[in-house]
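Undergrad: Numbering (the numbering used here), first residue to last: 884 to 1562. Where a beta carbon is used, it is the ideal one built from N, C-alpha and C, also for glycine.
(1) Measuring straight from C-alpha to C-alpha, what distance separates residue 1036 and residue 950?
(2) May I have a chain-ordered list of the alpha helix (DSSP H) segments no shorter than 4 residues that lie completely inside the region 1173-1217?
(3) Could you tell me whether the Cβ atoms of residue 832 and residue 1237 are closer together than 9 Å?
(4) So, at 6 Å on beta carbons, what are the nonlocal neighbours of residue 1506 in its own chain, with the 5 sequence-adjacent residues on each side left out?
(5) I need the straight-line Cα distance from residue 1213 to residue 1240, nearest angstrom please.
(6) With distances taken Cα to Cα, identify the nearest neighbour of residue 1052 among 969, 1331, 1420.
(7) Taking the C-alpha atoms as reference points, what is the distance between residue 995 and residue 944?
(8) Here's a check: name, in chain order, each residue in its chain whose Cβ is nearer than 6 Å to the Cβ of residue 980, leaving out the five neighbours to either side.
(9) Less than 9 Å between the C-beta atoms of residue 937 and residue 1021, yes or no?
(10) For the beta strand (DSSP E) that residue 1030 lies in, which residues bound it at each end?
(11) Rounded to whole angstroms, how far is the Cβ of residue 1384 from the Cβ of residue 1467, which I believe are closer than 8 Å?
(12) Using 9 Å as the threshold, is the C-beta distance between residue 1152 and residue 1123 below it?
(13) Just to confirm my understanding: we take residue 1465, look at its own chain, exclude 5 residues before and 5 after, and list those with CB closer than 8 Å. What are they?
(14) Keeping to the same chain, check which residues put their C-beta closer than 7 Å to that of residue 915; ignore five residues upstream and five downstream.
(15) Return helix, strand or coil for residue 1505, following the three-state DSSP convention.
(16) Return the first residue and the last residue of the alpha helix (DSSP H) that residue 1266 is part of.
(17) Which one of 1233, 1517, 1192 has the shortest CA to CA distance from residue 1180?
(18) Short of 8 Å in beta carbon distance, which residues of its chain neighbour residue 1554, apart from the five on each side in sequence? Order them along the chain.
(19) Please classify residue 1055 as buried or exposed, where buried requires at least 16 neighbouring CB atoms within 10 angstroms.
(20) Using the three-state DSSP reduction, which class does residue 1387 fall into: helix, strand or coil?
(21) Measure the alpha-carbon distance for residue 1522 versus residue 1220 and round it to whole angstroms.
(22) Threshold first: 3 residues or longer. Then list the beta strand (DSSP E) segments lying entirely within the region 1003-1048, N to C.
(23) Could you spell out where the beta strand (DSSP E) holding residue 1423 opens and where it closes?
(24) What is the residue span of the beta strand (DSSP E) that residue 968 lies within?
(25) Give me the residue from 1011, 1332, 1515 with the minimum Cα distance to residue 1428.
(26) Label residue 1437 either buried or exposed according to how many other C-beta atoms from any shown protein chain fall within 10 Å of its C-beta, with 16 as the threshold for buried.
(27) Using the Cβ count rule (16 or more neighbours within 10 Å means buried), how would you classify residue 972?
(28) I'd like to confirm the pairing. Which residues does DSSP put opposite residue 1407 in its beta bridges?
(29) Let's see if you can read the secondary structure: which residues bound the alpha helix (DSSP H) around residue 1225?
(30) May I ask you to list the residues that DSSP assigns as paired with residue 1433?
(31) Quick one: Cα of residue 1525 to Cα of residue 960, how far?
(32) Nearest to residue 955 by CA position, among 1331, 1014, 987, 976, is which residue?
(33) Please return the same chain residues whose Cβ sits closer than 6 Å to the Cβ of residue 1431, not counting the five positions on each side in sequence.
(34) Going residue by residue through the region 1061-1126, where are the continuous beta strand (DSSP E) segments of at least 3 residues, counting only ones entirely within it?
(35) Any beta carbon of chain D sitting closer than 9 Å to that of residue 1015?
(36) On the criterion of 16 or more Cβ atoms from any shown chain inside 10 Å, does residue 1291 qualify as buried, or is it exposed?
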């Protein structure tokens, strides 16, 4: 009886037991899923590839084999080996570098140089095939002689004009200290800069060297073309090394530091070389491309370099005498020929004889005559069709107005000349009003331009100057003695401007007000350090655009007035030849580019503030001067460490994450190595 009662009780409790078991099973299943099969993808493979062995072995000496196999513990990827893998000494014949499953195969084509250390620098190009875990900087080294050279030379390459990091430029060494070697012999050992402009030349032997940078255009590893960006100086360097300690931070996750380790390492010197890269001015003159007629009413010639002696144009199927109005760029390397005659504008093709000066193979300017056909980008028939559509649309609008009894026009209107008058949004006492004409002018009536200022409630004529801007054909500006906190009215009568096609300008009226000095800031910079006598200082906005530019005074100061509230930056250059513009260098004349500096911090200006900043232009290395906000060549963001992702997941799940140790694979015997080598 007692046994039967126990069975009955058990049966009654069975639903409760089943629910409890289900809960436990679900809980265990959930925990297991959290560790192994989380809905967002599960746990990550956070082990980067590891090198198992290589043939020839790393650090081998007396190597004669030009084929190298590097074996890894998993399938790997090699990103763009042509750009990312650097073989040093540089190879005139491009080596073959490819992946094959779990190995990389390198076949050198050039003959091996005796008694030389070879380095194959893979940088961060190697990653695993699944999670793209980067292996980190990896360099394979061997020697054709009895020893391995281990010194390193490092530094930065920056643009001489902008102080921007120069990415992907080759940097190399010569132990021959003659100036001519850069033009006559290939670089001995090379590296290539990363996105920060940083380079490391490895496998350097003891000795004395000069360092050069070269954006090699023809693959000969020497300066042979003026178009190649270069950097050079006369400093010599003797590589050394010594023990040092660095701090390595171990992150528990993206927010928490687990440990900071003191790691001993070998510090190689020099590691702070700064090279200023530049391109020489291109003085070889030639026609860059066929003349263009993007707009039917003008023909444009593009030359590699300007010359005071302008081309001579003869029309072969039209009379070119007085057919053009010439608009030349400041350097006379871009020439716009505006067609006066609308009959020529309507022609699709103009055939011309073009006589101009061209640089020959000896570097001398000689006369060159070409027969050219200049085609309009948009044929006349298409232009006429588009015009007819506009006229039909206009006619329908007028017919609709006529039916509705509204005022209408019976003659299609002639489009007016529309100058671009750009009144600054914030007028200051030093502002100028630029005016750009869409086409060259035939007539300009300055008497039809009026400027009025408001004093109390009355308007009075205000003096001004209307002038062409920097000798540019279609660019003008209005200059006036603008009074602070004063209203003005700019008024232009009809027909003040008439272009070469007879188009006339409509009347124009625009009010403007000059702000009070209390709404601005005044910024003074006091320059010091190793500066020149002709420093030109620029005030820059947050995008690096020049807002104001001043020449340094005798007391080494520069003052910028009427600065709007905001964040600003400053740059300067040493105008050695006092021509008002930055000039590049010239290798054959041993001339470096004019020195450029950046104030390393942002400058905040506020209303009514008078700010004075001291600026030692040489206090910081040049590669550290340009503020990060202005640098356009941003460094590559390092890939997020995958172990951090696993740690973050564990933190969310409330469990402890311990990174597993990489499996140590058994060494393969010689026979196994040979079998894999054959495969």
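TA: For this structure:
(1) Numbered from its first residue, the chain shown carries residue 1036 at position 153. Numbered from its first residue, the chain shown carries residue 950 at position 67. So the alpha carbons of these two residues sit roughly 27 Å apart.
(2) none
(3) Only positions 884 to 1562 of the chain appear in this structure, which leaves residue 832 out of reach.
(4) Your numbering for residue 1506 matches position 623 in the chain shown. Excluding sequence neighbours, residue 1506 sits near 1039, 1041, 1157.
(5) Looking up residue 1213 in the chain shown gives position 330. Looking up residue 1240 in the chain shown gives position 357. Approximately 18 Å, taken between the alpha carbons.
(6) The residue labelled residue 1052 in the question sits at position 169 within the chain shown. The candidate whose alpha carbon is nearest that of residue 1052 is 969.
(7) As a first step, residue 995 is located in the chain shown; it is residue number 112 there, counting from the start. As a first step, residue 944 is located in the chain shown; it is residue number 61 there, counting from the start. Near 13 Å, if we compare the C-alpha coordinates of residue 944 and residue 995.
(8) Counting from 1 along the chain shown, the entry for residue 980 is found at position 97. Closer than 6 Å at the Cβ level, and outside the excluded window around residue 980, lie 964, 968, 989.
(9) Here residue 937 is taken as the residue at index 54 of the chain shown, counted from 1. Here residue 1021 is taken as the residue at index 138 of the chain shown, counted from 1. For the pair residue 937 and residue 1021, the CB atoms are not nearer than the 9 Å cut-off.
(10) What you label residue 1030 is simply residue 147 of the chain shown in a count that begins at 1. Where residue 1030 is concerned, there is no enclosing beta strand (DSSP E), given that its DSSP letter is neither H nor E.
(11) Position 501 of the chain shown holds residue 1384. Position 584 of the chain shown holds residue 1467. About 41 Å separates the two Cβ atoms, so there is no contact after all.
(12) Along the chain shown, read from residue 1 onward, the residue named residue 1152 stands at position 269. Along the chain shown, read from residue 1 onward, the residue named residue 1123 stands at position 240. Result yes, Cβ atoms of residue 1152 and residue 1123 sit closer than 9 Å.
(13) In the chain shown, residue 1465 corresponds to position 582, counting from 1. Taken in chain order, the residues that qualify are 1044, 1456, 1458, 1476, 1477, 1479.
(14) Walking along the chain shown from the start, residue 915 turns up at place 32. Residue placement at residue 915 cannot be trusted, given a pLDDT of 43 that sits under 50; the coordinates are not used to answer.
(15) As a working mapping, residue 1505 is identified with position 622 in the chain shown. It is helical.
(16) Against the chain shown, residue 1266 aligns to sequence position 383. Counting along the chain, the alpha helix (DSSP H) containing residue 1266 begins and ends at 1263-1286.
(17) By one-based count along the chain shown, residue 1180 stands at place 297. The shortest Cα separation from residue 1180 among 1233, 1517, 1192 belongs to 1233.
(18) Translated into the one-based positions of the chain shown, residue 1554 becomes position 671. Low local confidence applies: a pLDDT of 42 at residue 1554 is under 50, so the model's placement there is unreliable, with the coordinate-based value given in what follows. Counting only Cβ-Cβ distances below 8 Å, and skipping sequence neighbours, we find nothing.
(19) On the chain shown, position 172 is the one that residue 1055 refers to. With 16 or more Cβ atoms within 10 Å of its Cβ, residue 1055 is classed as buried.
(20) Along the chain shown, one-based indexing puts residue 1387 at 504. Residue 1387 falls in the strand class under three-state DSSP.
(21) Numbered from its first residue, the chain shown carries residue 1522 at position 639. Numbered from its first residue, the chain shown carries residue 1220 at position 337. Note that residue 1522 scores a pLDDT of 46, beneath 50, so its modelled location is shaky; the value from the coordinates is reported in the next line. Looking at the two C-alpha atoms, the distance is approximately 53 Å.
(22) 1009-1011, 1021-1026, 1034-1042
(23) Counted from its first residue, the chain shown places residue 1423 at position 540. 1418-1423 is the extent of the beta strand (DSSP E) around residue 1423.
(24) Numbered from 1 along the chain shown, position 85 holds the residue referred to as residue 968. Element bounds for residue 968: n/a, residue is neither H nor E.
(25) If you number the chain shown from 1, residue 1428 lands on position 545. For residue 1428, the nearest C-alpha among the options comes from 1515.
(26) As a first step, residue 1437 must be located in the chain shown, where it is residue number 554. Exposed.
(27) For this step, residue 972 is matched to residue 89 along the chain shown. Residue 972 is buried by the Cβ-count criterion.
(28) Locating residue 1407 in the chain shown gives position 524, where the first residue counts as 1. According to DSSP, which records beta bridges pairwise, residue 1407 is partnered with 1442, 1495.
(29) Counted from its first residue, the chain shown places residue 1225 at position 342. Where residue 1225 is concerned, the enclosing alpha helix (DSSP H) stretches over 1225-1228.
(30) Translated into the one-based positions of the chain shown, residue 1433 becomes position 550. DSSP lists 1420 as partners of residue 1433.
(31) To locate residue 1525, count along the chain shown from 1; it is residue 642. To locate residue 960, count along the chain shown from 1; it is residue 77. Any reading at residue 1525 must be qualified, since the residue scores a pLDDT of 49, below 50, and its modelled position is unreliable; the value itself is stated next. Using only the alpha carbons, I get a separation of about 17 Å.
(32) Residue 955 sits at position 72 when you count from the first residue of the chain shown. Answer by Cα proximity: 987.
(33) Position 548 of the chain shown holds residue 1431. Excluding residues up to 5 positions away in sequence, 1422, 1443 lie with their Cβ nearer than 6 Å to the Cβ of residue 1431 in the same chain.
(34) 1072-1075, 1081-1087, 1093-1097
(35) Absent from the structure is chain D; it holds one protein chain and no more.
(36) By one-based count along the chain shown, residue 1291 stands at place 408. It counts as exposed.
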